[in-house]
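Okay, structure first, notes after.
In UniProt numbering, the protein residues as written are 1 to 209.
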């Protein structure tokens with residue numbers, strides 16, 4: 001079975017795609033917008049035998065039972081609900097508390113909505129990185145993708161997961177809230193991303209997603 005990643009060249013979607021491929025998963029990437037940045041990222045994974053790319057979900061003929069929608073818009077939801085079978089399992093990854101009502105109507109009990117705190121990592125927009133890097137509230141994208149892949153393997157999945165950065169204060173216990181722990185040197189992570197920005201400066205100079 002293949003796993004479909006919607007918005008596979010969104011910067012978080014790209015890291016999810018890379019992680020799944022590293023784990024030997026068969027991935028179908030969908031990204032409806034083509035530009036020089038998406039073409040560059042496609043070049044980084046396109047030769048992987050386990051990766052297939054389509055511009056539209058309607059083009060997919062392969063049998064699949066899992067979808068990952070990365071930061072879908074409301075317009076995306078309206079279109080995509082028509083293409084999803086009820087037996088499919090769906091993950092929605094958001095950076096906000098917005099709940100996806102359209103998907104929920106179609107897939108009763110077959111959906112996990114994961115709300116993220118601020119995330120930083122390679123390939124994110126430079127202005128977003130500059131705005132987030134000095135905060136203590138971010139999580140590193142590669143730590144998130146490791147956690148997410150493990151979450152996909154669990155047999156009993158929560159319908160809603162709210163990830164919080166470490167040191168978050170929670171007044172009341174909530175079974176849907178997970179405080180994200182890591183042992184990262186945060187300065188080293190910021191430095192790594194700054195070096196990435198410098199190394200791939202041409203990528204950030206071309207038209208964005």
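All residues carry an ideal CB built from backbone N, CA and C; glycine is no exception.
**Q.** Close Cβ partners of residue 116 (< 6 Å) along its chain, the five nearest in sequence each way excluded
**A.** Residue mapping note: residue 116 aligns to position 116 of the chain shown, counting from 1. Result list for residue 116: 95, 163, in chain order.
Q. For residue 34, which option in 50, 17, 54 has the closest C-alpha, if you only look at C-alpha atoms?
A. Walking along the chain shown from the start, residue 34 turns up at place 34. Comparing Cα positions, the closest option is 54.
**Q.** In chain order, each beta strand (DSSP E) run of at least 3 residues that lies wholly inside the segment 16-63
**A.** 27-30, 51-54
(Q) For the alpha helix (DSSP H) containing residue 154, name the first residue and the last one. (A) Locating residue 154 in the chain shown gives position 154, counting from the first residue. Looking at the DSSP string, residue 154 is not in any alpha helix (DSSP H), and its letter there is neither H nor E.
Q. Per DSSP, what kind of secondary structure is residue 209 in: helix, strand or coil?
A. Numbered from its first residue, the chain shown carries residue 209 at position 209. Low per-residue confidence applies at residue 209: pLDDT is 48, beneath 50, and the placement is therefore not dependable enough to give any value.
Q.
So the candidates are 110, 73, 143, 194; which of them puts its Cα closest to the Cα of residue 32?
A. Here residue 32 refers to the residue found at position 32 of the chain shown. Minimum Cα distance to residue 32 is reached at 73.
Q.
Whether or not the segment 45-59 and the segment 173-188 are in contact is what I'm after, with contact meaning three or more pairs of Cβ atoms, one per stretch, closer than 8 Å; do they touch?
A. no
Q. Are residue 3 and residue 25 close, meaning C-beta to C-beta below 7 Å?
A. Residue mapping note: residue 3 aligns to position 3 of the chain shown, counting from 1. Residue mapping note: residue 25 aligns to position 25 of the chain shown, counting from 1. Closer than 7 Å, so yes.
Q | Cβ-Cβ separation, residue 68 to residue 6 (assumed contact under 8 Å), whole Å | A | Start at 1 with the first residue of the chain shown, and residue 6 comes out as number 6. Start at 1 with the first residue of the chain shown, and residue 68 comes out as number 68. Indeed they touch by this definition, with Cβ atoms about 7 Å apart.
Q | For residue 46 and residue 199, the rounded distance between their alpha carbons | A | Numbered from 1 along the chain shown, position 199 holds the residue referred to as residue 199. Numbered from 1 along the chain shown, position 46 holds the residue referred to as residue 46. Approximately 21 Å, taken between the alpha carbons.
Q) Quick one: is residue 44 buried, meaning 16 or more other Cβ sit within 10 Å of its Cβ, or exposed? A) Looking up residue 44 in the chain shown gives position 44. Its Cβ having fewer than 16 others within 10 Å, residue 44 is exposed.
Q. What do you get for residue 1, buried or exposed, if any count of 16 or more other CB atoms within 10 angstroms of its CB means buried?
A. Counting from 1 along the chain shown, the entry for residue 1 is found at position 1. By the 10 Å Cβ count, residue 1 comes out exposed.
Q. In terms of residue numbering, what span does the alpha helix (DSSP H) encompassing residue 188 cover?
A. By one-based count along the chain shown, residue 188 stands at place 188. Residues 186-199.
(Q) Comparing C-alpha positions only, which one of 27, 93, 17, 77 sits nearest to residue 41? (A) Counted from its first residue, the chain shown places residue 41 at position 41. Nearest option by C-alpha distance: 17.
Q | Straight-line Cα distance separating residue 154 from residue 209 | A | Counting from one through the chain shown, the residue named residue 209 turns up at place 209. Counting from one through the chain shown, the residue named residue 154 turns up at place 154. Below a pLDDT of 50, predicted positions are generally treated as unreliable, and residue 209, at 48, falls in that range; no measurement from the model is reported.
Q | Three-state class that DSSP yields for residue 163 in the structure shown | A | Position 163 of the chain shown, counted from the start, is the residue given in the question as residue 163. Of the three classes helix, strand and coil, the one that applies to residue 163 here is strand, per DSSP.
**Q.** Same chain, Cβ closer than 8 Å to residue 50, five either side skipped, listed in chain order
**A.** Residue numbering aside, residue 50 sits at position 50 when the chain shown is read from its first letter. Cβ neighbours of residue 50 beyond the five flanking positions: 21, 24, 25, 26, 27.
Q. Which two residues bound the contiguous beta strand (DSSP E) that contains residue 94?
A. Within the chain shown, residue 94 is the residue found at index 94, counting from 1. Residue 94 -> beta strand (DSSP E) spans 89-94.
Q: Determine the extent of the beta strand (DSSP E) in which residue 181 is found, giving its start and end residues.
A: The residue you call residue 181 lines up with position 181 of the chain shown. Element bounds for residue 181: n/a, residue is neither H nor E.
Q. Taking C-alpha atoms, which residue in 206, 161, 141, 159 lies nearest to residue 14?
A. The sequence position of residue 14 within the chain shown is 14, counting from 1. That would be 141, whose Cα lies nearest to the Cα of residue 14.
Q) By the 10 Å Cβ neighbour count, where 16 or more other Cβ atoms means buried, how is residue 206 classified, buried or exposed? A) In the chain shown, the residue the question calls residue 206 occupies position 206. Per the 10 Å Cβ criterion, exposed.
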